[in-house]
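Engineer: For the sequence shown, this note's numbering begins at 21 and goes up steadily by one. By construction, the Cβ of each residue, glycine as well, lies at the ideal position given by its N, Cα and C atoms. Below you will find the structure I want to go over with you.
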Amino acid sequence: MKQTSSFRSSVMFAKVALFKPFNGFYELKYEGRGTVAAGILFLLLYYISSVIRAMYTGYIFNPSRGNPVNLGMIFLQSVMPLVLFCIANWCLTLMLDGEGTMDQIFMGLCYAVVPLISSNILCTVLSNLIIAQEGMYLELISGLALLWTGFLIVVSVMQINQYTFMKAVVACLLSIVGVAIILLIFLLCFNLIQQMFAFFQSVYKELSYR
21 MKQTSSFRSS VMFAKVALFK PFNGFYELKY EGRGTVAAGI LFLLLYYISS
71 VIRAMYTGYI FNPSRGNPVN LGMIFLQSVM PLVLFCIANW CLTLMLDGEG
121 TMDQIFMGLC YAVVPLISSN ILCTVLSNLI IAQEGMYLEL ISGLALLWTG
171 FLIVVSVMQI NQYTFMKAVV ACLLSIVGVA IILLIFLLCF NLIQQMFAFF
221 QSVYKELSYR
């Protein structure tokens with residue numbers, strides 16, 4: 021029977037999702053092991069760790085350290101893609117006969133980014149301890165964390181929507197396409213609003229001169 025986890029237990033559940041993802045994401049869906057609050061916490065930690073990495077990576081590996089950090093840009097590069105992926109994947113559930121709800125898909129994605137949180141902190145610390153010739157270790161850690169997160173996302177989509185593994189891969193690829201479409205629509209709408217604003221501004225100026 022599905023039960024609701026406490027916040028503490030849902031945070032600790034990340035260990036199961038990370039190291040036993042097939043069981044973990046199954047339990048997330050059918051046994052209520054995760055919570056949206058824990059998901060938001062991990063998403064916030066991912067953003068904070070991305071800011072920390074941008075600000076405190078060693079000078080050797082971050083020549084721009086000391087310059088002002090664009091917090092908004094970091095948000096757009098870290099959190100926003102996950103949010104858009106969640107929306108796109110949820111929209112695809114109707115087309116691909118998925119069984120996941122928006123909150124389940126969101127929780128799955130948030131648990132999946134825990135490796136990126138760890139790699140951000142680890143790489144930040146190591147970048148201040150190693151020399152330039154050892155920079156490949158930072159790239160290796162970041163690459164492995166990214167692959168791990170990608171695998172966890174596929175497994176979460178698979179278990180939450182009750183897909184086969186290959187269907188989950190296809191769903192993830194289509195979700196990425198969906199993210200691109202959402203961004204394109206947003207840019208078109210933004211450009212249209214800008215043009216409308218410029219038009220009304222020019223009309224106002226023209227009328228004010230008469």
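Which complete alpha helix (DSSP H) runs does the stretch 72-126 hold, if anything under 4 residues is left out?
Structural biologist: Fully enclosed alpha helix (DSSP H) runs of 4 or longer: 91-115.
Engineer: Between which two residues does the alpha helix (DSSP H) containing F33 stretch?
Structural biologist: Note, F33: premise wrong, no alpha helix (DSSP H); not H, not E.
Engineer: Which class does R28 belong to by DSSP, given the choice of helix, strand or coil?
Structural biologist: helix
Engineer: Tell me whether R73 is buried or exposed, calling it buried when 16 or more other Cβ atoms sit within 10 Å of its Cβ.
Structural biologist: buried
Engineer: Spatial neighbours of G54 within its chain, please: CB distance less than 7 Å, with the 5 preceding and 5 following residues excluded, ordered by chain position.
Structural biologist: S25, S30, F33, L48, M127, Y131
Engineer: Give the C-beta separation of W110 and M100 to the nearest angstrom, bearing in mind that I take them to be a contact with Cβ-Cβ under 8 Å.
Structural biologist: The pair is not a contact, with the Cβ atoms about 16 Å apart (cut-off 8 Å).
Engineer: Going by other Cβ atoms of all chains shown within 10 Å of its Cβ, with 16 needed for buried, is V175 buried or exposed?
Structural biologist: buried
Engineer: May I ask which residues mark the beginning and end of the alpha helix (DSSP H) holding A165?
Structural biologist: 155-181
Engineer: Does DSSP classify K40 as helix, strand or coil?
Structural biologist: coil
Engineer: For Q215 and I201, what's the separation of their Cα atoms in angstroms?
Structural biologist: When rounded, the distance between both Cα atoms is 21 Å.
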